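Remarks on the structure that follows.
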Amino acid sequence: MSDKRDYYEVLGVDRDADQRTIKRAFLKKAREVHPDVSDDPDAEEKFKEVNEAYSVLSDDQKRANYDRYGTAEGPGMGSGYVDFSDIFGGMGMDDIFSSFFGGGPSSSARAGSRRKNGRDMAVTLTVSLEEAARGCTKTISYDRLATCEDCHGTGAADGASEKTCPRCHGTGFVTTVQRSIFGQVQSSSPCPECHGEGTVIDHPCDMCAGQGRTPTHEKIDIEVPAGIATGRQLRVRGYGEAGLRGASTGDLIVTVQVAEHDRFQRSGDDLYCEVDVPMAGAALGCTVEVEGILPDERIEVEVPAGTQYGDALTVEGRGMPRAGGGGSRGRLVARARVTVPRRMTPAAREALERFAAEMGESHAPRKTVGDRIRDAIDDILE
Numbered sequence: 003m004s005d006k007r008d009y010y011e012v013l014g015v016d017r018d019a020d021q022r023t024i025k026r027a028f029l030k031k032a033r034e035v036h037p038d039v040s041d042d043p044d045a046e047e048k049f050k051e052v053n054e055a056y057s058v059l060s061d062d063q064k065r066a067n068y069d070r071y072g073t074a075e076g077p078g079m080g081s082g083y084v085d086f087s088d089i090f091g092g093m094g095m096d097d098i099f100s101s102f103f104g105g106g107p108s109s110s111a112r113a114g115s116r117r118k119n120g121r122d123m124a125v126t127l128t129v130s131l132e133e134a135a136r137g138c139t140k141t142i143s144y145d146r147l148a149t150c151e152d153c154h155g156t157g158a159a160d161g162a163s164e165k166t167c168p169r170c171h172g173t174g175f176v177t178t179v180q181r182s183i184f185g186q187v188q189s190s191s192p193c194p195e196c197h198g199e200g201t202v203i204d205h206p207c208d209m210c211a212g213q214g215r216t217p218t219h220e221k222i223d224i225e226v227p228a229g230i231a232t233g234r235q236l237r238v239r240g241y242g243e244a245g246l247r248g249a250s251t252g253d254l255i256v257t258v259q260v261a262e263h264d265r266f267q268r269s270g271d272d273l274y275c276e277v278d279v280p281m282a283g284a285a286l287g288c289t290v291e292v293e294g295i296l297p298d299e300r301i302e303v304e305v306p307a308g309t310q311y312g313d314a315l316t317v318e319g320r321g322m323p324r325a326g327g328g329g330s331r332g333r334l335v336a337r338a339r340v341t342v343p344r345r346m347t348p349a350a351r352e353a354l355e356r357f358a359a360e361m362g363e364s365h366a367p368r369k370t371v372g373d374r375i376r377d378a379i380d381d382i383l384e
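Count along the sequence shown from 1, add 2, and you get the number used in the working numbering.
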């Protein structure tokens with residue numbers, strides 16, 4: 003298993019197979035080799051191979067790259083595409099399949115602990131500060147248990163029907179009585195016939211084995227609103243885990259993380275940055291230009307006369323857009339970084355010396371030790 007086989011060969015499908023055929027082949031292979039149901043010592047490695055093949059062939063872009071370049075990685079993924087292969091804290095397709103095998107009529111191993119309604123799923127989505135400022139659309143890809151496409155969530159094959167379990171009479175539990183030294187002991191446990199469902203299907207769906215849901219690679223677009231901040235959660239209803247046999251589906255909860263920026267620091271809706279101000283401009287007053295957070299945005303910052311290093315120069319309405327604020331924005335706060343020229347022309351130096359003299363400042367250069375020794379010798383000789 004060291005050399006990767008052709009993905010189409012792994013799933014046993016033709017290269018022109020449609021998505022439904024690929025999914026059927028994947029589920030069939032997965033049921034055969036998943037470690038929860040197979041005694042094969044290589045079951046885990048075989049399942050990983052099957053899952054890898056399906057993760058590529060079930061995604062149109064990855065499949066196109068694989069067909070053309072021999073690998074799923076290739077050009078054309080798009081700047082807005084985010085592939086989350088492990089976004090649920092280690093919950094990958096293997097864990098979803100474990101839940102799949104343990105949650106339906108084909109198994110009772112986890113009948114007491116499963117949930118009928120689908121669970122919410124969570125993902126953290128990172129966006130840049132520019133994307134947070136203007137709003138954007140991100141495409142994410144993830145694994146989940148989705149409503150079965152063949153039976154539409156009923157769990158029943160065509161012509162089949164769902165009936166009350168004859169063993170537990172619809173309660174989902176059976177009661178047993180045992181004799182002990184203390185007398186008769188009564189206990190209740192999930193019904194082994196319906197696995198706690200209370201109903202049975204005479205002909206379960208072949209695709210989902212009667213669950214009404216199947217492991218699926220999902221890809222959806224997430225609309226990120228302008229002005230969003232770190233920690234804000236976006237709820238996408240109906241894109242979490244599908245419930246058993248048509249029970250309600252959970253939601254996908256997207257927690258947004260705004261990445262740090264190289265020029266701006268954010269505090270609420272305000273943006274902080276530094277701006278270079280020429281020494282003369284700081285003294286006399288001037289206007290400097292700053293590149294804003296929105297595309298092609300240029301902001302003029304007024305520098306009043308006498309500005310000192312570190313002074314805050316505020317421009318209203320040029321910070322981050324306020325979420326739901328109808329176009330209003332926070333402040334841009336620019337910290338003045340007064341710059342001193344490293345080189346000056348003779349005329350500029352002369353003008354600065356006159357300014358220093360006018361202001362009563364000493365501008366004589368500091369004497370070195372050698373200069374002071376020479377001055378002392380000259381005094382003695384005199």
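C-beta atoms are modelled at their ideal positions from N, C-alpha and C, and glycine is treated no differently.
All figures in this text were calculated on a predicted structure; none of them were measured in a lab.
Q.
For Glu-243 and Arg-121, I'd like the C-alpha separation in whole angstroms.
A. Here residue 243 corresponds to residue number 241 of the sequence shown, with the count starting at 1. Here residue 121 corresponds to residue number 119 of the sequence shown, with the count starting at 1. Cα to Cα, Glu-243 sits roughly 5 Å from Arg-121.
Q. Is Pro-192 closer than 8 Å to Gly-198 when the C-beta atoms are compared?
A. Taking the sequence shown and counting its residues from 1, one reaches residue 198 at position 196. Taking the sequence shown and counting its residues from 1, one reaches residue 192 at position 190. It is a contact, given that the beta carbons lie within the stated cut-off.
Q: Tell me whether Arg-437 is buried or exposed, calling it buried when 16 or more other Cβ atoms sit within 10 Å of its Cβ.
A: It is not possible to answer for residue 437, since the shown part of the chain is limited to 3 through 384.
Q | Cutoff 8 Å; reference Asp-18; Cβ partners in own chain excluding five residues on either side | A | Residue numbering aside, residue 18 sits at position 16 when the sequence shown is read from its first letter. If we look at Asp-18 and ignore the five residues flanking it on each side, it has no Cβ neighbours.
(Q) Please classify Ala-113 as buried or exposed, where buried requires at least 16 other C-beta atoms within 10 Å of its C-beta. (A) Against the sequence shown, residue 113 aligns to sequence position 111. Residue confidence for Ala-113 is low, a pLDDT of 36 falling below 50, so the modelled location carries little weight; the figure read from the coordinates is stated next. Classification of Ala-113: buried, given that the 10 Å Cβ count is 16 or more.
(Q) Let me check one thing: in DSSP terms, what residues is Arg-331 bridge-paired to? (A) Stepping through the sequence shown from its first residue, residue 331 is reached at position 329. Bridge partners of Arg-331: Pro-323.
Q. Counting only runs that start and end within the stretch 264 to 290, where is the beta strand (DSSP E) found for 3 or more residues in a row?
A. 267 to 269, 272 to 280
Q) Excluding the five sequence neighbours on either side, which residues of its own chain have a C-beta within less than 7 Å of the C-beta of Thr-23, listed in chain order? A) Translated into the one-based positions of the sequence shown, residue 23 becomes position 21. Within the same chain, Thr-23 has close Cβ partners Val-15.
(Q) Taking 7 Å as the limit between beta carbons, can you name the residues of its chain near Arg-265, skipping five residues before and five after? (A) Indexing the sequence shown from 1 puts residue 265 at position 263. Result list for Arg-265: Cys-275, in chain order.
Q.
As an exercise, report each continuous alpha helix (DSSP H) stretch of at least 4 residues that is fully enclosed by the stretch 121 to 181, in chain order.
A. 131 to 136
Q. When the Cα atoms are used, what is the spatial distance from Gln-188 to Cys-196?
A. On the sequence shown, residue 188 is found 186 positions in, with the first residue counted as 1. On the sequence shown, residue 196 is found 194 positions in, with the first residue counted as 1. Cα-Cα distance, rounded: 21 Å.
Q) Does DSSP put Ile-98 in a helix, a strand or coil? A) The residue you call residue 98 lines up with position 96 of the sequence shown. The answer is helix: DSSP assigns Ile-98 an H, G or I state.
Q) Can you tell me the Cα-Cα spacing of Leu-296 and Gly-161, whole angstroms? A) Working through the sequence shown from its first residue, we reach residue 296 at position 294. Working through the sequence shown from its first residue, we reach residue 161 at position 159. About 58 Å.
Q: Would you kindly work out how many angstroms separate the C-alpha atoms of Gly-174 and Thr-201, rounded to a whole number?
A: For the purposes of this step, residue 174 is taken as the residue at position 172 of the sequence shown. For the purposes of this step, residue 201 is taken as the residue at position 199 of the sequence shown. So the two alpha carbons sit approximately 8 Å from each other.
Q: Take the Cβ of Val-342 as the centre, count every other Cβ of all protein chains shown within 10 Å, and call the residue buried at 16 or more, exposed below.
A: Within the sequence shown, the letter at position 340 stands for residue 342. Val-342 is exposed by the Cβ-count criterion.
Q: Would you grab the beta carbon distance between Pro-127 and Gln-259 for me? Rounded to a whole angstrom, and I think it's under 8 Å.
A: Taking the sequence shown and counting its residues from 1, the one referred to as residue 127 is at position 125. Taking the sequence shown and counting its residues from 1, the one referred to as residue 259 is at position 257. Contrary to the premise, residue 127 reads as Leu rather than Pro in this sequence. That pair is a contact at about 7 Å.
Q: With DSSP as the reference, please indicate the residues paired to Val-223 in a beta bridge.
A: Locating residue 223 in the sequence shown gives position 221, counting from the first residue. What sits at residue 223 in the sequence shown is Asp, not Val. Answer is Thr-141.
**Q.** Coarse secondary structure for Pro-348, derived from DSSP in three states
**A.** On the sequence shown, position 346 is the one that residue 348 refers to. Here Pro-348 sits in helix by DSSP.
Q: Take Pro-306 and list the residues in its own chain whose beta-carbon comes closer than 7 Å to its own, dropping the five residues that flank it on each side.
A: Along the sequence shown, read from residue 1 onward, the residue named residue 306 stands at position 304. Closer than 7 Å at the Cβ level, and outside the excluded window around Pro-306, lie Gly-287.
Q. Does the beta-carbon of Val-179 have 16 or more other beta-carbons within 10 angstroms, so that it is buried, or is it exposed?
A. What you label residue 179 is simply residue 177 of the sequence shown in a count that begins at 1. Burial call: exposed.
Q | Residue from Lys-165, Arg-181, Ala-135, Glu-220 whose Cα sits closest to the Cα of Cys-150 | A | Within the sequence shown, numbered from 1, the residue matching residue 150 stands at position 148. If we check each option's Cα against that of Cys-150, Glu-220 comes out closest.
(Q) Give me, in chain order, the residues of the same chain whose beta-carbon lies closer than 7 Å to that of Gly-312; leave out the 5 immediate sequence neighbours on both sides. (A) Stepping through the sequence shown from its first residue, residue 312 is reached at position 310. Only Arg-337, Ala-338 meet the Cβ criterion.
(Q) Please state the DSSP three-state secondary structure of Glu-52. (A) Start at 1 with the first residue of the sequence shown, and residue 52 comes out as number 50. Residue identity check: residue 52 is Val in the sequence provided, not Glu. It is helical.
Q.
Less than 7 Å between C-beta atoms, sequence neighbours within five positions excluded: which residues of the same chain meet that for Met-93?
A. The residue given as residue 93 occupies position 91 in the sequence shown. Note that Met-93 scores 49 on pLDDT, short of 50, meaning its location in the model is unreliable; the coordinates nonetheless yield the value given after this. There are no such residues.
Q. At which residues does the beta strand (DSSP E) containing Arg-237 begin and terminate?
A. Working through the sequence shown from its first residue, we reach residue 237 at position 235. First-last of the beta strand (DSSP E) with Arg-237: 235 to 238.
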